[in-house]
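Written below as structure tokens is the structure these notes are about.
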Amino acid sequence: FQSLVSENSSSSISSVYVLSKGENPDQALQRNAQLWPLVDSLIATSDVLSCSSVDPFLSSLQEQDKRLGMWRDFVSRHKDELTGTLSMAAVSQGFSKHAFSPFMNLVEDAADFTPKEMPYFAPLTKLILNQNVTSLDNYVYIVNVLSVPNDRIGKVESCFDNSFDIASLNSSLSDNLSDNFNYIGWA
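For the sequence shown, the positions run 1030 to 1216 when the numbering used here is used.
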């Protein structure tokens, strides 16, 4: 079963699942962002080889506001180059005058962008990131998948409050089932 759910075909690397839990999507995304300094440090020490996460695509309202502020600042500092110079360069390279109109709209409307709640991203979360964002028992979970050398799984899992690998999950399920059967046999 582990080989079916693991993205890595190498038997020396396993997936460790790290969960961020919140009472709402924004809280789960905020908590997920708090994991990144630790994940980055584990990658730097090769305890984690890579990480698959929603973070590049989904962020909390606070983080969206920060990123939009950086975009607005960038546009205000480089608006002339982004509009006039880009249009002239595009035409000189054989593009039509309006080839970059959608981008120009992003530049012109930069001040109008606002952070969006999770439902806005439904096409992304329902079709592409459906394995990474889930709701259960009135909580929202963000699931990060870490690729970890097998000899470092315990170390990596101990760094996080909510983490597991398939082997430990299978072991836990087996122990629970065994205990239940033992209880039934005893009763």
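We put the beta carbon where it would ideally sit given N, CA and C, even for glycine.
Only a predicted model underlies this, so the values are computations on that prediction, with no experimental measurement involved.
Please classify residue i: does DSSP put it in a helix, a strand, or coil?
i	result
T1163	strand
Y1089	Looking at the sequence itself, residue 1089 is Ser, so the reference to Tyr does not match. Coil.
P1152	helix
G1123	coil
S1176	strand
S1082	coil
V1169	strand
K1050	strand
I1042	strand
I1157	coil
K1145	coil
D1138	coil
A1128	coil
S1075	coil
D1069	helix
Taking DSSP's pairing of strands, which residues face residue i in a bridge?
i	result
N1191	N1191 pairs with nothing; no bridge assigned.
Have a look at residue i and residue j and give me their C-alpha separation to the nearest angstrom.
i	j	result
S1192	Y1046	5 angstroms
D1188	D1102	Reading off the sequence, residue 1188 comes out as Cys, not Asp. Approximately 37 angstroms, taken between the alpha carbons.
S1081	K1126	39 angstroms
V1177	D1076	6 angstroms
N1167	R1060	16 angstroms
V1120	Q1056	46 angstroms
S1044	D1194	6 angstroms
L1222	N1179	Shown here, the chain extends from 1030 to 1216; a query on residue 1222 therefore has no answer.
S1049	Y1149	20 angstroms
S1164	L1158	13 angstroms
E1146	D1094	12 angstroms
A1151	F1086	12 angstroms
N1053	W1100	26 angstroms
G1123	S1116	11 angstroms
Indicate, with yes or no, if the ligand MG has a heavy atom lying under 7 angstroms from the CB of residue i.
i	result
S1089	With respect to the ligand MG, the structure offers nothing, as it holds no ligand at all.
Tell me which residues share the same chain as residue i and place their Cβ nearer than 7 angstroms to its Cβ, disregarding the 5 neighbours each side in the sequence.
i	result
E1092	A1062
V1136	V1104, K1108, L1111 and T1112
S1089	D1055, L1058, Q1059 and A1062
P1131	none
M1133	T1112
Leaving aside the five residues before and after residue i along the sequence, list all residues of the same chain whose C-beta is less than 6 angstroms from its C-beta, in chain order.
i	result
T1154	V1162
P1144	L1090, Q1093 and D1094
V1068	C1080
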